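Visitor: Here this note's numbering is used: the first residue of the sequence shown is 504, the next is one more, and so on. This is the structure, below, for whatever I ask next.
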Amino acid sequence: MNTTKQLAKHLRELYFGANWTCVNFKDTLADISWQEAITKHQDFNTIAVLIFHSNYYINRVLKVLEGESLNASDKYSFDCPAITSQEEWKKFVQKSMDEAELFAQEIEKLDELKLYEVFSEEKYGNYFRNIVGIIEHAYYHLGQITLIKKMIQQKG
(Lines of atoms letter the chains of each structure in order from A and count residues from 1; the text may use other names and numbers.)
(Lines give C-alpha, C1' and ligand atoms only; values in the text may rest on other atoms or scores of the structure.)
Protein backbone atom coordinates (compact mmCIF):
# COMPACT_ATOMS: atom_id res chain seq x y z
CA MET A 1 0.00 0.00 0.00
CA ASN A 2 1.49 3.34 -1.00
CA THR A 3 1.79 6.27 1.40
CA THR A 4 -1.25 8.21 0.20
CA LYS A 5 -3.49 5.16 0.56
CA GLN A 6 -2.01 4.47 4.01
CA LEU A 7 -2.65 8.07 5.13
CA ALA A 8 -6.24 7.90 3.89
CA LYS A 9 -6.73 4.59 5.71
CA HIS A 10 -5.34 6.07 8.91
CA LEU A 11 -7.74 9.02 8.67
CA ARG A 12 -10.70 6.73 8.03
CA GLU A 13 -9.79 4.58 11.03
CA LEU A 14 -9.67 7.71 13.19
CA TYR A 15 -13.15 8.73 12.10
CA PHE A 16 -14.90 5.43 11.44
CA GLY A 17 -13.09 2.77 13.48
CA ALA A 18 -10.82 -0.28 13.23
CA ASN A 19 -7.71 1.52 14.45
CA TRP A 20 -5.36 0.12 17.07
CA THR A 21 -6.50 2.68 19.70
CA CYS A 22 -10.06 1.27 19.59
CA VAL A 23 -11.40 4.85 19.76
CA ASN A 24 -12.90 6.77 16.86
CA PHE A 25 -15.15 9.76 16.25
CA LYS A 26 -18.15 7.82 14.96
CA ASP A 27 -18.49 5.52 17.97
CA THR A 28 -17.52 8.19 20.50
CA LEU A 29 -20.15 10.64 19.24
CA ALA A 30 -22.92 8.06 18.70
CA ASP A 31 -24.48 8.38 22.16
CA ILE A 32 -23.86 12.06 22.84
CA SER A 33 -26.98 14.22 22.93
CA TRP A 34 -26.99 17.74 21.60
CA GLN A 35 -27.30 19.04 25.16
CA GLU A 36 -24.18 17.11 26.19
CA ALA A 37 -22.35 18.32 23.07
CA ILE A 38 -22.82 21.95 24.08
CA THR A 39 -22.33 21.47 27.84
CA LYS A 40 -19.43 23.44 29.23
CA HIS A 41 -17.54 21.34 31.79
CA GLN A 42 -15.19 23.32 34.00
CA ASP A 43 -13.04 25.47 31.72
CA PHE A 44 -12.78 22.91 28.89
CA ASN A 45 -14.09 23.51 25.39
CA THR A 46 -17.40 21.83 24.63
CA ILE A 47 -17.51 18.62 22.62
CA ALA A 48 -19.17 20.49 19.75
CA VAL A 49 -16.42 23.13 19.73
CA LEU A 50 -13.71 20.46 19.67
CA ILE A 51 -15.35 18.70 16.74
CA PHE A 52 -15.70 21.98 14.86
CA HIS A 53 -12.08 22.85 15.64
CA SER A 54 -10.75 19.48 14.47
CA ASN A 55 -12.76 19.57 11.28
CA TYR A 56 -11.96 23.19 10.55
CA TYR A 57 -8.50 22.11 9.39
CA ILE A 58 -9.81 19.10 7.48
CA ASN A 59 -12.24 21.38 5.67
CA ARG A 60 -9.59 23.96 4.78
CA VAL A 61 -6.97 21.49 3.59
CA LEU A 62 -9.66 19.53 1.70
CA LYS A 63 -10.36 22.68 -0.30
CA VAL A 64 -6.65 22.94 -1.18
CA LEU A 65 -6.63 19.30 -2.32
CA GLU A 66 -9.67 20.12 -4.47
CA GLY A 67 -7.70 22.89 -6.19
CA GLU A 68 -8.59 26.01 -4.20
CA SER A 69 -6.12 28.25 -2.44
CA LEU A 70 -5.58 28.00 1.30
CA ASN A 71 -8.05 30.18 3.17
CA ALA A 72 -7.69 29.49 6.88
CA SER A 73 -6.97 31.31 10.10
CA ASP A 74 -6.51 29.79 13.54
CA LYS A 75 -8.58 32.62 15.01
CA TYR A 76 -11.69 31.19 13.30
CA SER A 77 -11.03 27.56 14.17
CA PHE A 78 -13.13 27.66 17.34
CA ASP A 79 -16.13 29.53 15.84
CA CYS A 80 -18.56 26.67 16.25
CA PRO A 81 -22.11 27.43 15.12
CA ALA A 82 -24.86 27.29 17.71
CA ILE A 83 -26.51 23.89 18.09
CA THR A 84 -30.02 24.03 19.49
CA SER A 85 -31.57 20.66 18.71
CA GLN A 86 -30.81 16.97 18.23
CA GLU A 87 -31.44 17.38 14.50
CA GLU A 88 -28.83 20.16 14.23
CA TRP A 89 -26.39 18.04 16.25
CA LYS A 90 -26.87 15.03 13.96
CA LYS A 91 -26.35 17.20 10.86
CA PHE A 92 -23.26 18.74 12.46
CA VAL A 93 -21.75 15.33 13.20
CA GLN A 94 -22.67 13.99 9.75
CA LYS A 95 -21.03 16.99 8.06
CA SER A 96 -17.89 16.25 10.05
CA MET A 97 -17.92 12.60 8.99
CA ASP A 98 -18.67 13.46 5.36
CA GLU A 99 -15.79 15.94 5.19
CA ALA A 100 -13.42 13.39 6.73
CA GLU A 101 -14.38 10.85 4.06
CA LEU A 102 -13.99 13.43 1.27
CA PHE A 103 -10.60 14.36 2.70
CA ALA A 104 -9.55 10.69 2.69
CA GLN A 105 -10.68 10.36 -0.93
CA GLU A 106 -8.65 13.40 -1.96
CA ILE A 107 -5.58 12.11 -0.11
CA GLU A 108 -5.86 8.83 -2.04
CA LYS A 109 -5.87 10.73 -5.33
CA LEU A 110 -2.57 12.45 -4.57
CA ASP A 111 0.47 11.34 -6.47
CA GLU A 112 3.01 9.96 -4.00
CA LEU A 113 5.55 12.64 -4.97
CA LYS A 114 3.03 15.41 -4.23
CA LEU A 115 3.35 14.56 -0.53
CA TYR A 116 6.83 16.07 -0.53
CA GLU A 117 5.95 19.29 -2.34
CA VAL A 118 5.43 22.59 -0.56
CA PHE A 119 1.92 22.94 0.81
CA SER A 120 0.54 26.34 -0.18
CA GLU A 121 3.54 28.28 1.22
CA GLU A 122 7.00 27.22 2.40
CA LYS A 123 6.15 28.11 6.02
CA TYR A 124 3.53 25.32 6.11
CA GLY A 125 5.94 22.59 5.10
CA ASN A 126 4.91 19.86 2.69
CA TYR A 127 1.66 18.02 2.05
CA PHE A 128 2.78 15.00 4.09
CA ARG A 129 3.47 17.15 7.16
CA ASN A 130 0.06 18.80 6.90
CA ILE A 131 -1.89 15.57 6.45
CA VAL A 132 -0.08 13.79 9.28
CA GLY A 133 -0.46 16.89 11.44
CA ILE A 134 -4.21 16.97 10.88
CA ILE A 135 -4.49 13.30 11.86
CA GLU A 136 -2.39 13.82 15.01
CA HIS A 137 -4.37 16.94 15.89
CA ALA A 138 -7.69 15.14 15.52
CA TYR A 139 -6.51 12.22 17.69
CA TYR A 140 -5.49 14.70 20.37
CA HIS A 141 -8.93 16.30 20.39
CA LEU A 142 -10.67 12.92 20.20
CA GLY A 143 -8.93 12.10 23.48
CA GLN A 144 -10.25 15.32 25.00
CA ILE A 145 -13.76 14.60 23.70
CA THR A 146 -13.67 11.11 25.19
CA LEU A 147 -12.69 12.45 28.62
CA ILE A 148 -15.19 15.32 28.56
CA LYS A 149 -17.94 12.91 27.51
CA LYS A 150 -17.16 10.66 30.49
CA MET A 151 -17.17 13.59 32.91
CA ILE A 152 -20.47 14.96 31.60
CA GLN A 153 -22.22 11.59 31.43
CA GLN A 154 -21.05 10.55 34.92
CA LYS A 155 -22.28 13.86 36.29
CA GLY A 156 -25.82 13.32 34.97
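Glycine is no exception: its CB is placed at the ideal position from the N, C-alpha and C atoms. The model shown is predicted, which means the values in this text are computed figures rather than measured ones.
Could you tell me whether the region 505-525 touches the region 609-621, where touching means 3 or more Cβ pairs closer than 8 Å?
Guide: With three or more CB-CB distances shorter than 8 Å, the region 505-525 counts as touching the region 609-621.
Visitor: Tell me, to the nearest whole angstrom, how far the beta carbon of glutamate 602 is from that of isoleucine 561; I am working on the premise that it is less than 8 Å.
Guide: One-based indexing of the sequence shown puts residue 602 at position 99. One-based indexing of the sequence shown puts residue 561 at position 58. So it is a contact: roughly 5 Å between Cβ atoms.
Visitor: So what's asparagine 527 in DSSP terms, helix, strand or just coil?
Guide: In the sequence shown, residue 527 corresponds to position 24, counting from 1. Coil, per DSSP.
Visitor: Just confirm the distance between the C-beta atoms of isoleucine 637 and valine 564, as a whole number of angstroms; I'd bet it's less than 8 Å.
Guide: Mapped onto the sequence shown, residue 637 falls at position 134. Mapped onto the sequence shown, residue 564 falls at position 61. Yes, isoleucine 637 and valine 564 are in contact; Cβ-Cβ is about 6 Å, under 8 Å.
Visitor: In the region 543-590, which residue ranges form an unbroken beta strand (DSSP E) of at least 3 residues, counting only runs that do not cross its ends?
Guide: none
Visitor: When the Cα atoms are used, what is the spatial distance from glycine 459 to serine 580?
Guide: One cannot answer for residue 459 here, as it falls past the ends of the chain, which runs 504 to 659.
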